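Going down the list, the sequences are from chains A and B.
First residue of the first sequence: 146, per this note's numbering; consecutive thereafter.
First residue of the second sequence: 146, per this note's numbering; consecutive thereafter.
Following: one structure in structure tokens, then a few remarks.
Protein chains: 2
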Amino acid sequence: MATDNIDPTARTLPDFNVAMVQLTQHLDTINRLSPDTAGQNRLVYSPGWIAAQGQLLQWGLDLGLNVTLDDYGTVYLDLVGSTQPETIIATGSHMDTVVQGGPLDGLYGVLGGLQALITLKQTLGQPKKTLRVIAFSEEEGSRFPTTFSGSKHYARIENTTGLKDKDGLDFDSARTAAVQQLTGPGIQRTLPKLPATFTELHIEQGTRLAAAQVQIGLVAAIVGQRRYTVTVTGVANHAGTTPMAQRHDALQATVQFINRLCLLAQSVSPELTFTVGELALTPNTVNVIPGKVVFSVDCRHTNTALLDNFETLMANTAELFTETDLTIHVSRWANIPPVQLDQQLLAQNANLADQLQLKHLQLASGAGHDSQIMTQVTPTTMIFVPSIQGISHAPQEATATPDLLAGVQLLTASLYRQAY
Amino acid sequence: MATDNIDPTARTLPDFNVAMVQLTQHLDTINRLSPDTAGQNRLVYSPGWIAAQGQLLQWGLDLGLNVTLDDYGTVYLDLVGSTQPETIIATGSHMDTVVQGGPLDGLYGVLGGLQALITLKQTLGQPKKTLRVIAFSEEEGSRFPTTFSGSKHYARIENTTGLKDKDGLDFDSARTAAVQQLTGPGIQRTLPKLPATFTELHIEQGTRLAAAQVQIGLVAAIVGQRRYTVTVTGVANHAGTTPMAQRHDALQATVQFINRLCLLAQSVSPELTFTVGELALTPNTVNVIPGKVVFSVDCRHTNTALLDNFETLMANTAELFTETDLTIHVSRWANIPPVQLDQQLLAQNANLADQLQLKHLQLASGAGHDSQIMTQVTPTTMIFVPSIQGISHAPQEATATPDLLAGVQLLTASLYRQAY
């Protein structure tokens, strides 16, 4: 594949530091829209969410871009191409957040993409192909029991409907009311055409890049996820009067079982993530031997065979542990398959990163992203930047400014390479 | 020590089976006083508790016994002695229960004692020394944050005061109101003299007697108890994006720590009971690595040095596990010393059991009892009978009738030996 030389210090490109100032200002503007809440709470179709999408639409209009709003509230800002306007080179991420989320998850990809578009427009003018920045309406599943409803609608995979949030409010009513509020002059109301490629810029939300002291992560795949509920049933009894040898202690059995699972996970693959996040004892009383323990298992890997392997080992171990007065029952309730992202786009980004002298490594994403939806309909790739201490889904979520800059630089180079 | 021959089949003694019928009737009468509740709920000074103590007082009056009620609501029924009335041979247990408790815990000792007194009175008439049956007001700590308030008052050790239950109701008001309701003609209102000996008949609430297929447990000691809160602090993080090698998982550390404690407990002594009954994760979410775990440790043994030994080992292990991003903190909040019960009374009961051809074994009580208070002021012993499957503090609590009978037989022989 031919690689054009990108010289980010060429006289026709502005100082990226100036671009960073504007990106920082844009991030602050959106993040300050709901100043009284702990962390970011842009739940889909909430007032804070509407204000954010409204601001983005306004920036698009102010920039003279082609501005579209679809029926699910996803915003599309297009810099229309000159010679191949029907070919769309897209970037973006999601506008919603989790409850008490951080300032960068999703928003960095949206505004980083906008910044790349602004930089290219200001210095190089109109591209040959159309450049599109997307702010998907919803990805996190933090309000309604659904995820990726925005990207699933754009990809024509599913039109989410018929849900209620925990206050009993109806998804469809909330959606139409919010879209109605956002609609205005100059804003097209349609479902835009699918792009030729999609690149999502995102914070890593993990610790690999920081640990390796590398600024750029090039994402080859998104892990598959399996989730289980494990129920360990023993016999509750008096903590003082029941001799140790006569106990069927569900908590002690759980300790041994989790210990074994941990070793099994390691043996299957050091990359297999194995997490017990939720756990509850019954009766959960200081002086009563626990009669029952229920806990969750969350397993992720890019390789389906390895996930199957661990699942079989866990089932076998549960059977091994089970006796008359102590049973272990494993029940799977989530099975999300892994996805491979586009290798050519990744290789192109690796090349561009080299040219920009940005250290990079290849990794899988351990979290779900809109890219796992988009990859089903168009060549898709992701660019990660480091997360400080891997913190995400919390107000303390942060990335050093030079790293935010590195991501935007690479994205800009990639969009230039694809659209100009 | 001289041992009189006791022949339970002598013509002057009634059929013990007849005695069992009456005991069963008495147990049913008290247990049916609150038929609409799940299990027994005779919380101290509650209406159900007042009804039960009231019924016991009435039986005492009907039997022509000397009936006393003290300021804490403890009931004393005396068969006054002929030649040494000031020397009191006492038996009994507690009238209160836990929430949703069983039909025998405490009540078997009270009504079993009453049955022994009735049997002796009917067949042998007046004893030389005074025979006393006691129903302590409160032992379980199931309503107010206190335990053994009845026996502590009788033993002149402490006058519990100034407490509130979880509904904010005041102990002293509840106490005086209940005692006022129970007061009536023929009921003496005083704090009786301490006894020369105290024997408590009780269900084992454990599994040793049933496992050994032995009807009688002779209690040599009551275990000391230590209770701790352990706090394991790691770093909460994303379950998918945090590589296994970069985690500070508080739950996994807890698993390893509890595993180690279990082995340490075994190495200190097979008789040391070690129970983790309560445990909570933070944030307790499926896809978040637990950042904190808090759990309880309940340890019991009759030997203080062994309890100290385990405590030291646990502290050392906590320190061993502690690193920069993972700390384990152990905090002790209960330290109840073990007590030895009277060896002469135990030996006498062993002898009597042999004469009655009742299989017996010596054991420590793993649960607290009024006897651990009484032993501080008078020679005290306990007689245990088996619990089916060791179940207690639950409606399913049960003991086979022949075993209930065996306990009453031995108690009767002991009271005869001491008072006639």
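Note that CB positions come from ideal geometry on N, CA and C, so glycine has one too.
Since the model is a prediction, treat every value here as computed from it, not as a measurement.
When secondary structure is reduced to three states using DSSP, A:G246 falls in the strand class. Among the bridge pairs identified by DSSP, A:Q507 is matched with A:L363.
Under the DSSP assignment, A:P230 falls in the beta strand (DSSP E) whose first and last residues are Q229 to H239.
A:A425 has A:V439 as its beta-bridge partners, per DSSP.
Annotated three-state conformation of A:A384 is coil, per DSSP. By the Cβ test, the segment 208-216 of chain B is not in contact with the segment 184-196 of chain B, since fewer than three Cβ pairs between them sit closer than 8 Å. With a threshold of 16 other beta carbon atoms within 10 Å, A:E303 falls short and is exposed. Using a CB distance below 9 Å, no part of the segment 489-507 of chain A faces chain B. When CB distances to chain B are screened at a threshold of 9 Å, the residues of the segment 526-545 of chain A falling below it are S532, Q534, G535, I536, S537, H538 and A539, in chain order. Contact check for A:N186 against A:P248 fails: the beta carbons are separated by 7 Å or more. Taking a cut-off of 8 Å for Cβ pairs, the segment 468-488 of chain A and the segment 298-313 of chain A do not touch, as fewer than three such pairs fall below it.
At least one CB of chain B lies nearer than 7 Å to the CB of A:R445. For the set B:A545, B:T386 and B:T427, the Cα lying nearest the Cα of A:E423 is the one of B:T427. Using a CB distance below 8 Å, no part of the segment 243-266 of chain B faces chain A.
The segment 526-534 of chain A and the segment 260-270 of chain A do not touch, with fewer than three beta-carbon pairs separated by less than 8 Å. The shortest CA-to-CA distance from B:K309 to any of B:V324, B:F289, B:Q326 and B:Q325 is the one to B:F289.
Of the residues assessed, B:T457 falls on the exposed side of the cut-off, its CB having fewer than 16 other CB atoms within 10 angstroms.
For A:N480, the enclosing beta strand (DSSP E) has its first and last residue at T472 to I481.
The C-beta distance from B:L363 to B:H474 rounds to 41 Å, too long to fall under 8 Å, and the pair is not in contact. Between the segment 490-501 of chain B and the segment 323-330 of chain B, the count of C-beta pairs closer than 8 Å stays below three; the two stretches do not touch. Its Cα nearest to that of A:A558, the residue A:Q500 stands out among A:A425, A:T523 and A:Q500.
Straight-line measurement puts the Cα of A:L262 at about 50 Å from the Cα of A:V439. Across the set B:T219, B:E416 and B:T378, the C-alpha of B:T378 shows the shortest separation from the C-alpha of B:F466. Using a 10 angstroms sphere on the CB of B:D394, the tally of other CB atoms reaches 16 or more, which defines it as buried. For A:A384, the closest of A:P435, A:Q260 and A:L354 by C-alpha to C-alpha distance is A:P435.
The C-alpha of A:G513 lies about 15 Å from the C-alpha of A:L252. Closest option to A:A545, judged by alpha-carbon separation, among A:I348, A:G331 and A:L417: A:I348.
Within the DSSP secondary-structure output, B:E468 pairs in a beta bridge with B:L471. Closest in C-alpha terms to B:L491, from the list B:T344, B:L354 and B:K273, comes B:T344. In the DSSP assignment, B:D317 falls within the unbroken alpha helix (DSSP H) covering F316 to L327. Counting C-beta pairs closer than 8 Å gives fewer than three between the segment 547-563 of chain A and the segment 392-412 of chain A, which falls short of the contact rule. Looking at the backbone, the Cα of B:D250 and that of B:S414 are separated by about 28 Å. In the structure shown, B:T399 falls within a helical segment according to DSSP collapsed to helix, strand and coil. Assigned with DSSP and collapsed to three states, B:Q271 falls in coil, not helix or strand.
Rounded to whole angstroms, the gap between the alpha carbons of B:H446 and B:S510 is 9 Å. The Cβ-Cβ distance between B:T275 and B:D223 falls below 7 Å.
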